[in-house]
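Asker: In our numbering, the protein residues as written are 461 to 1184. Each residue gets a CB set at the ideal place from its N, CA and C atoms; glycine is no exception. These figures come from a predicted structure and were not determined experimentally.
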Amino acid sequence: MEISDMSLSVSTQLSGGGRCEWGSRNGLSGLLAQKSNALRPAFWHMIREILKFKEDALKYLEDHESNPDLNRHETLGQFIQTHGYSQLFQEAYLIPICASIWSCPSQGVLGFSAFFVLSFCRNHHLLQIFGRPQWLTVKGRSHTYVNKVREELESMGCQIKTSCQVKSVSSVEGGYKVLEVGGSEEVYDKIIFGAHAPDVLRMLGDEATHEELRILGAFQYVHSDIYLHRDDTLMPQNPSAWSAWNFLGTTSSGVSVTYWLNLLQNIESTGKPFLVTLNPPHVPDHVVLKWNTGHPVPSVAAAKASLELQQIQGNRGIWFCGAYQGYGFHEDGLKAGKSAAQSLLGQKSSLLLNPKQMVPSWTETGARLLVTRFLNQYVTIGNMTILEEGGTMFSFGEVDKKCLVKTVLRVHDPLFYWKVATEADLGMADAYINGYFSFVDKREGLLNLFLILIANRDAQKSSSSAASKRGWWTPMLLTAGIASAKYFLRHISRKNTVTQTRRNISQHYDLSNDFFSIFLDPSMTYSCAVFKVEDESLEVAQQRKVNLLIKKAKVERNHHVLEIGSGWGSLAMEVVKQTGCKYTGITLSEEQLKYAQMKVKEAGLEDRITFLLCDYRQIPSRCKYDRIISCEMIEGVGHEFMDDFFGCCESLLAPDGLFVLQFISIPEERYEEYRRSSDFIKEYIFPGGCLPSLARITSAMSTASRLWYASSRLRTSGTITTRR
């Protein structure tokens, strides 16, 4: 799909003399393209009537849909007369809209079915000039999806004959004979007519039944001469009024409307525009192609006939479908075809309901403007698409060699924009949690969004030194400044003192052991695994990581091992099982402690393993440990307490001991900004958390201890671990 434009302009002579010209594409400048409109009270009265028309139409439809006994065969003219709309409203707004949609002369518009026309306008959000949802069109136009449907049908064994004009369809024993103009004929058991109603009656000829003649004959058509050309004199006089649909009045041949294909079909051209005009007042210059076609008219008779179609569907092995059974457009032909096919198969027809347009409040509209403007500037690498309920679509960035990733967000609630505008990245996270948006690709959508945002963040920082100095006081969206300050203050209030650390740990790890068992492997190991291949099981990858830690620690049977942050005890039990050493583990989570002690008892290792509910700063110093292991615990220490951590470790480690530390690090160039600000992980997952940079680890180690440092990079995969 791609974005299209369905704006409207009117440039016509009025019955009382004078002209009226306006357009909806360029906001106020289009509305006042004819400068005299600004000083015409009648014009501003028409604008007020347009607003009133929406309210009247919606009430009319609500009344008639809730009360089937009300007359649905009232004409549009009767509706207009009942509500007292002005002549200018009719000639410069309502009639041009209807005439442009159904390609019919202005004189016949007021004879249309009011219920039919107003339903169409409501369903397609045409009851207002501005604030309509974004229109979409199929990339490559209709032949693209027609070819795909043809390919799919042929793959299922269907035989499709093209360029075969049918002369007649007549009944024979056991079925129907289809005679082509070229003389060839074939016999079929049943027939579905997917053609215009007049063409169906022509093909049936004398064999059409009385009911078929009566019902199908009620569908009237209007024919138009159509020119594809590049003559811009067949556009409104003022370029400010130029729109996708341009009503030019009625000629002797019928309604004259020019469609601006460059807008409708996203055709890029530096020369004269590509235009299609119905029934032009004169033959255009620069004609590319001319043809003639018919279009069904939404008359009262057609509305009545559409309600009686079931009387003739399938009665004698013949079904009828076509756009004329609805509003006259592609989607109506699709619905009618689906209903006919399901009827032939003896199935109940079930059609999707029209999607409801998302209607933001004025504050949400402002937030949407801010967010879309920001994303338009920020996302230059990769492609991020926002698709609203009702069809409005925004696209940001392009897929290129730097980032081949794309993602589509489906927005269900306009509060999404308000959340992002006022709380930036944390607002987006909150919007996702609350279901304000989701992803079309349920598996890769969220990951792809992160990849796109990361790629653009890095690109911005490489091109701007100011970006690397951001803190809580300079959020990406200035409108999120207050929330940024709020989250910052909350973040610094969680500094990992002895008392606060216990609260921070409990807030996450004491949620429920049953909860963590949902996504952890059977050993309940809660750290990055080491995968050899991506499709390897999490359990195998975690066991490999544990074995690597044991190997690096060089644990022997006579050693006493201390684990700082022992979690649910998986590493402790594996080390003791493999080496027979003595083991002490500390945790600040009561739930982890209960689980680990239970597992140790079940394994019969109580004489070798001891778990303590203890802060690393309060470990009894009565003994030295031959080995200290800490696996992804230092992320909960905090920037200010790194020195204390390594000082404690040195005081507890035997003179010839080894200290093995596994941690998740953050790039040095991002560390200062990161530690000063809050983010989703710190706010929702690990309060008080702080991923250290490698430089911060080494500086704290050298400042507070005499520990020697030797590093190696484990081939862990946090992304794969998290997804498992």
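Please state if the CB of L735 and the CB of L694 are separated by a distance shorter than 8 Å.
Answerer: yes
Asker: Taking the Cβ atom as the reference point for each residue, do D1075 and T961 lie within a distance shorter than 8 Å?
Answerer: yes
Asker: Examine the Cβ distances between the segment 681-699 and the segment 830-845 and report whether three or more of them are shorter than 8 Å.
Answerer: no
Asker: Starting from W779, trace the alpha helix (DSSP H) both ways and give me its first and last residue.
Answerer: No alpha helix (DSSP H) contains W779, which is instead part of the beta strand (DSSP E) from 778-780.
Asker: Closest by CA to I1024, which one among C1091, D974, K902?
Answerer: C1091
Asker: Measuring CA to CA, which of T852, S644, A704 is closest to P1206?
Answerer: In the structure displayed, the chain extends from 461 to 1184; residue 1206 sits before or after that span and is not available.
Asker: Have a look at L664 and S898 and give me their C-alpha separation to the nearest angstrom.
Answerer: 51 Å
Asker: What first and last residue would you give for the beta strand (DSSP E) that runs through M888?
Answerer: For M888, there is no enclosing beta strand (DSSP E); the enclosing alpha helix (DSSP H) covers residues 875-893.
Asker: Quick one: using the 10 Å Cβ neighbour count with 16 as the cut-off for buried, is C480 buried or exposed?
Answerer: buried
Asker: How is the alpha helix (DSSP H) around C558 delimited, first residue to last?
Answerer: 555-562
Asker: Across which residues does DSSP place H755 in a beta bridge pair?
Answerer: V682
Asker: Starting from the Cα of S809, find the closest Cα among M818, A796, S821 and give me that residue.
Answerer: A796
Asker: Apart from the five residues on each side of it in sequence, which residues of its chain come closer than 6 Å, Cβ to Cβ, to N607?
Answerer: none
Asker: For the segment 1015-1096, which segments carrying the alpha helix (DSSP H) assignment without a break, of at least 4 residues, lie completely within its bounds, in sequence order?
Answerer: 1030-1039, 1050-1063
Asker: Per the DSSP calculation, K750 is bridged to which residue(s)?
Answerer: Y687
Asker: Should the segment 570-577 be regarded as contacting the segment 767-779, the criterion being three or more beta carbon pairs within less than 8 Å?
Answerer: In short, these stretches do not touch, since the Cβ pair count stays below three.
Asker: Once you ignore the five residues that flank N908 on each side, which residues in its own chain have a CB closer than 6 Å to its CB?
Answerer: V865, T867
Asker: For A927, I'd like the list of residues in its chain whose CB is within less than 6 Å of its CB, leaving aside the five on either flank, ordered along the chain.
Answerer: Interpretation of A927 is limited by its pLDDT of 49, a score under 50 that renders its predicted location unreliable; the figure taken from the coordinates is listed afterwards. Answer for A927: Q920, K921, listed in chain order.
Asker: Distance, Cα to Cα, S526 vs Y520?
Answerer: 10 Å
Asker: So, is L813 buried or exposed, given that buried needs 16 or more other C-beta atoms within 10 angstroms?
Answerer: L813 should be labelled exposed.
Asker: In terms of residue numbering, what span does the alpha helix (DSSP H) encompassing R828 cover?
Answerer: Counted as a single uninterrupted DSSP element, the alpha helix (DSSP H) harbouring R828 occupies residues 822-838.
Asker: What does the Cβ neighbour count give for P565, buried or exposed, with the cut at 16 atoms within 10 Å?
Answerer: Sixteen is the threshold: when 16 or more other Cβ atoms of the shown chains lie within 10 Å of the Cβ of P565, as they do, the residue is buried.
Asker: If we ignore side chains and look at the alpha-carbon of each, how far apart do L1156 and A827 end up?
Answerer: One detail in the question is off: residue 1156 reads as Arg in this sequence, not Leu. If you take the alpha carbons of R1156 and A827, they lie about 39 Å apart.
Asker: Please report the residue range of the beta strand (DSSP E) in which M853 lies.
Answerer: Per DSSP, M853 belongs to the beta strand (DSSP E) from 853-856.
Asker: The alpha helix (DSSP H) spanning C581 covers which residue range?
Answerer: 574-583
Asker: Under the three-state reduction of DSSP, which class applies to K816: helix, strand or coil?
Answerer: coil
Asker: Using the Cβ count rule (16 or more neighbours within 10 Å means buried), how would you classify K861?
Answerer: So K861 ends up on the exposed side.
Asker: Exposed or buried, which one is G617 when buried takes at least 16 other CB atoms within 10 Å?
Answerer: exposed
Asker: Please report how far the alpha carbon of Q550 lies from the alpha carbon of T542, in whole angstroms.
Answerer: 13 Å
Asker: According to DSSP, is F707 part of a helix, a strand, or is it coil?
Answerer: F707: strand per DSSP, three-state reduction.
Asker: Is it buried or exposed, N836, if we count other Cβ atoms within 10 angstroms and call 16 or more buried?
Answerer: It is exposed - the Cβ of N836 has fewer than 16 other Cβ atoms within 10 Å.
Asker: Measuring CB to CB, does Y787 end up less than 8 Å from P758?
Answerer: yes
Asker: Just to confirm, are L869 and I841 a CB contact at a threshold of 8 Å?
Answerer: no
Asker: Could you tell me which uninterrupted alpha helix (DSSP H) segments, each at least 4 residues in length, are contained entirely in the segment 590-655, listed from first to last along the chain?
Answerer: 602-615
Asker: When burial is assigned at 16 or more other CB atoms within 10 Å of the CB, is Y1169 buried or exposed?
Answerer: exposed
Asker: Count the other CB atoms within 10 Å of the CB of M838; is the residue buried (16 or more) or exposed (fewer)?
Answerer: In the sequence under discussion, the amino acid at residue 838 is Tyr, which differs from the Met named in the question. Buried, by the Cβ-count rule.
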